[in-house]
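Residue numbers (the working numbering): 148 to 428. C-beta atoms are modelled at their ideal positions from N, C-alpha and C, and glycine is treated no differently. Notes follow the structure.
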């Protein structure tokens, strides 16, 4: 064919129409690549804004000396969300009493303990009064725990619980957002906007995560034992190497004779050794 046209096999073809077609195709490819990168950045921007909110919250928890005001606010938001989840109307219709029973059952079984509240205690209250009732009940328990322990112990107790819940819920949320992103492209087949759908559903999922964090904080702060938490924190601390000599700044308290300690039990003085190798030697 090329021979018939008088062209050699390696001859370059020059024609304005061909050059224009190639240039147009290159521009389309470059445009598609640009749109793909732009869309990718827009998807990343959604999770990036959410990450900024969570990281700011974690920074406050880590740097503030006392996060009780944050926890108190979480308590109020959690009580509000739970109450409105069961009682979405103020009017006392036919299903209201049944919803009220489910609400009381949830608070008793999940947060405050069995039989903590009777239905009759809140039966004649409106929705906002019920929220305030449970919020004050939770606040009373929080204040009781604060007064029962040393200030630093109580502050650390709150920080450990809130940080653990935030981290757990955030990691789970990232997995859910990734799954949403993988399947959101199917929206385009229905003539929808995948990015807009991702933003809307991601926003709703983020709000649900915040609500879950608040509810978890309410539940675990109310039900967790401060002493158990301190023991776990103590184990997590690094242990310094011992030189074989007792630190002069740490003097062991002698064991009283009235104490009944087994020879293989940990020594009550707190040295970490067995009784027979320490005060019982």
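Rounded to whole angstroms, what is the Cα-Cα separation between residue i and residue j?
i	j	result
residue 258	residue 297	24 Å
residue 307	residue 207	13 Å
residue 282	residue 289	11 Å
residue 139	residue 190	Outside the displayed range of the chain (148 to 428) lies residue 139, so it cannot be described from this structure.
residue 233	residue 249	7 Å
residue 285	residue 304	16 Å
residue 340	residue 328	13 Å
residue 226	residue 291	19 Å
residue 203	residue 366	23 Å
residue 316	residue 255	23 Å
residue 351	residue 229	17 Å
residue 217	residue 326	31 Å
residue 280	residue 242	21 Å
residue 188	residue 323	19 Å
residue 370	residue 293	14 Å
residue 314	residue 213	19 Å
residue 261	residue 342	46 Å
residue 253	residue 210	34 Å
Confirm, please, whether the CB-CB distance from residue j to residue i is below 8 Å.
i	j	result
residue 200	residue 349	no
residue 270	residue 247	yes
residue 301	residue 368	no
residue 331	residue 344	yes
Does any residue of chain C bring its CB to less than 8 Å from the CB of residue i?
i	result
residue 261	This model lacks chain C altogether; it includes just one protein chain.
Assuming residue i and residue j form a contact by the criterion Cβ under 8 Å, report the distance between their Cβ atoms to the nearest whole angstrom.
i	j	result
residue 321	residue 364	Incorrect: roughly 20 Å between the Cβ atoms, too far for contact.
residue 310	residue 205	7 Å
Note to self: When you compare the region 356-363 with the region 214-231, are there three or more beta-carbon pairs, one atom per stretch, that lie closer than 8 Å?
What the structure shows: Short answer: they touch.
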